Amino acid sequence: MTDLFSDAHAAALDAADLLRGFRDEFLLPRHDGAPMAYFVGNSLGLQPRGARAHLETALRKWEDEAVEGHFTGDAQWMTYHELVRDPLARLVGAKPVEVVAMNTLTVNLHLLMVSFYRPTRERPAILIEAGAFPSDRHATASQVEFHGFDPATDLIEVAADEPNGTISIAAVARAIEANRDRLALVLWPGVQYRTGQAFDLAEIARLGHAAGAMVGFDLAHAVGNLELALHDSGADFAAWCHYKYVNSGPGAVGGAFVHERHSRADVPRFAGWWGHDPASRFQMGPEFVPAEGADGWQLSNPPILAMAPLRASLELFDRAGMPALRRKSRSLTGYLGQLIDARLADVLEIVTPRDPTGRGCQLSLRVRGGRDRGRALFQALATRGVLGDWREPDVIRISPAPLYNTHADVLRFVREAERWAADTL
Ligand SMILES: *Cc1c(COP(=O)(O)O)cnc(C)c1O
Numbered sequence: 007m008t009d010l011f012s013d014a015h016a017a018a019l020d021a022a023d024l025l026r027g028f029r030d031e032f033l034l035p036r037h038d039g040a041p042m043a044y045f046v047g048n049s050l051g052l053q054p055r056g057a058r059a060h061l062e063t064a065l066r067k068w069e070d071e072a073v074e075g076h077f078t079g080d081a082q083w084m085t086y087h088e089l090v091r092d093p094l095a096r097l098v099g100a101k102p103v104e105v106v107a108m109n110t111l112t113v114n115l116h117l118l119m120v121s122f123y124r125p126t127r128e129r130p131a132i133l134i135e136a137g138a139f140p141s142d143r144h145a146t147a148s149q150v151e152f153h154g155f156d157p158a159t160d161l162i163e164v165a166a167d168e169p170n171g172t173i174s175i176a177a178v179a180r181a182i183e184a185n186r187d188r189l190a191l192v193l194w195p196g197v198q199y200r201t202g203q204a205f206d207l208a209e210i211a212r213l214g215h216a217a218g219a220m221v222g223f224d225l226a227h228a229v230g231n232l233e234l235a236l237h238d239s240g241a242d243f244a245a246w247c248h249y250k251y252v253n254s255g256p257g258a259v260g261g262a263f264v265h266e267r268h269s270r271a272d273v274p275r276f277a278g279w280w281g282h283d284p285a286s287r288f289q290m291g292p293e294f295v296p297a298e299g300a301d302g303w304q305l306s307n308p309p310i311l312a313m314a315p316l317r318a319s320l321e322l323f324d325r326a327g328m329p330a331l332r333r334k335s336r337s338l339t340g341y342l343g344q345l346i347d348a349r350l351a352d353v354l355e356i357v358t359p360r361d362p363t364g365r366g367c368q369l370s371l372r373v374r375g376g377r378d379r380g381r382a383l384f385q386a387l388a389t390r391g392v393l394g395d396w397r398e399p400d401v402i403r404i405s406p407a408p409l410y411n412t413h414a415d416v417l418r419f420v421r422e423a424e425r426w427a428a429d430t431l
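When the letters of the sequence shown are read in order and numbered with the working numbering, they come out as residues 7 to 431.
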């Protein structure tokens, strides 16, 4: 029998990993001189080595050419956002015309709700999940209020119906059905940030549309994590950030998707000059003519220095490919689950769905014994170079990222947690 818990077993899994070379493409944070076991790619992904070169290219262009940098070379600033369009479309399973890198996540949610949340007295409601990320709740509640409606009745929050705080698709279907005459918009996460639960996006889009609502997705925890098929999902829009699994740096420029069916339509929006048809943008006329597709939602000329790392990151995703990344992710997260079940069942309870199709990289681990014990374990791990993140009141989130984490990292987490538990008995 193989001993799951041996260094040799973890090393064999890592040796068989076809993506093992990608770890060297990242700068690993260190603790006491050695690389950390870093499991916080769901919060801030690591720096790709290639990010610096793209940034320096932009800085040098600014230094050497100043305003001329807008118009010269392959990476000219005038069309800089176009450099990431195709790789971004591949990453989220969309057509190039459907995606754009711009702004940040919450800004994009608001801009897209301006277009796709058009409440009427009969249909004022937005449906979200209970316990949504605060920014999503603030954004949806404030949109409801902005239009003169009342979040107390018109922001519908679907409660968890499963023992670990996850939400069944049946519960989503029931909530949509119960409000089918009142719903203007369903805004749903690809992966729920707290529980790590992944959802069947095509099914949620189908349910929302069948009720006559628009459907949008927040993919903050899904992009770069799951194999997405946004176009085929039929969603009207989606937004996400690039600093989590997409490793593009703190506060990185976000992403947006607008389904092709809305690309030419006369969709109302908040407009700015960068969303104007590039063919006539510099005629500087007073009338707004939107660019085709998602580009037409841009407001400002893109922040080149903030967008440079995204280029480096998307090159890695193109090289690795989401199917291979997802296979490795399932191996890492599956191994983590196996080890926890075998060695830490009396310390940690896995909150995230067991079915690999119901989750991505992240396992949310409830620490048995409550908050103080949880904080103590979290701190002890951090002092031993094993970094997860903490969610009140008693959850540690551990997200092995297939681009740079190893099975040896996973084993190290479990060993350190086990050691802590033995020491604190
Ligand atoms: C990370 C995250 C955010 C953060 O929003 P920003 O606008 O990028 O600061 C919002 N919503 C969800 C669901 C997230 O996971």
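Where is the CB? At the ideal position from N, CA and C, for every residue including glycine. On a predicted model such as this, the values are computed, not experimentally measured, just so you know.
In its chain, beyond the 5 residues on either side, D352, V353, L354 and E355 have a beta carbon closer than 8 Å to the beta carbon of R374. The Cβ-Cβ distance between F28 and Q53 does not fall below 8 Å.
In the same chain as D20, and ignoring 5 residues on each side of it, the C-beta atoms closer than 8 Å to its own belong to R26, T412, H413 and A414, in chain order. A direct Cα-to-Cα measurement between H144 and L338 gives close to 34 Å. Secondary structure of M119 (DSSP, three-state): helix. The beta carbon of L311 lies closer than 8 Å to those of L61, A64 and L65 in the same chain, with the five residues before and after it left out.
In the DSSP assignment, the residues bridged to Y44 are L393. Ligand 1 approaches G260 closely enough that one of its heavy atoms is under 7 Å from the residue's Cβ. At the C-beta level, G171 and A211 stay beyond 8 Å of one another. Spanning the alpha carbons of R58 and A258 requires a straight line of approximately 14 Å. Residue M84 holds the alpha-carbon nearest to the alpha-carbon of M313 among E69, D70, M84 and E135.
Taking the Cα of L320 as reference, the smallest distance to any Cα among H248, I404 and A407 is reached at H248. Between H215 and the set L133, S148, R403 and F152, the nearest pair of CA atoms involves L133. The alpha-carbon separation between N109 and L316 amounts to approximately 13 Å. Here the alpha carbon of T363 sits roughly 7 Å from the alpha carbon of A204.
Taken in chain order, the complete beta strand (DSSP E) segments of 3 residues or longer contained in the stretch 349-378 are 354-356 and 369-373. Under the Cβ criterion (8 Å, minimum of three pairs), the stretch 262-276 counts as touching the stretch 109-118.
Beyond the five residues adjoining it in sequence on each side, L387 comes within less than 6 Å, by CB distance, of E422 in the same chain, given in chain order. For I132, the enclosing beta strand (DSSP E) stretches over residues A131 to E135. Under the three-state reduction of DSSP output, F243 falls in the strand class. A distance below 7 Å between beta-carbons, with the five flanking residues on each side excluded, links V221 to the following residues of its chain, in chain order: V192, I210, A211, G214, H215, A241 and D242. With three or more CB-CB distances shorter than 8 Å, the stretch 322-332 counts as touching the stretch 226-234. E398 counts as exposed, since fewer than 16 other C-beta atoms from the protein chains shown sit within 10 angstroms of its C-beta.
D238 is positioned such that its CB atom lies closer than 8 Å to that of G99.
With the rule of 3 Cβ pairs closer than 8 Å, the stretch 71-82 does not count as touching the stretch 297-305. Within the same chain, and ignoring the five residues on either side of S254 in sequence, the residues whose Cβ sits closer than 7 Å to its Cβ are H248, P315, L316 and S319.
K101 places its beta carbon less than 8 Å from that of E266.
Excluding sequence positions up to five before and after V164, its CB lies within less than 7 Å of the CB of L133, E135, A136, I173, A177, V178 and A181, all in the same chain and listed in chain order. Of Q198, G394, R36 and G154, the smallest CA-CA separation from L225 is found for Q198. Short of 7 Å from the beta carbon of G376, and not among the five residues preceding or following it, lie these beta carbons of its own chain, in chain order: D400. Judged by their CB atoms, L431 and I402 are not nearer to each other than the 8 Å cut-off. Take A428, set aside five residues on each side of it, and no residue of its chain has a beta-carbon closer than 7 Å to its own. For R55 and R186, the gap between their C-alpha atoms comes out near 49 Å. If the five residues before and after T126 are omitted, its C-beta is found closer than 8 Å to the C-beta atoms of A190, all from its own chain and listed in chain order. Using a cutoff of 7 Å, the CB of Y199 counts as near ligand 1, since one of the ligand's heavy atoms is closer than that. Set against 7 Å, the gap from the CB of K250 to the closest heavy atom of ligand 1 is smaller.
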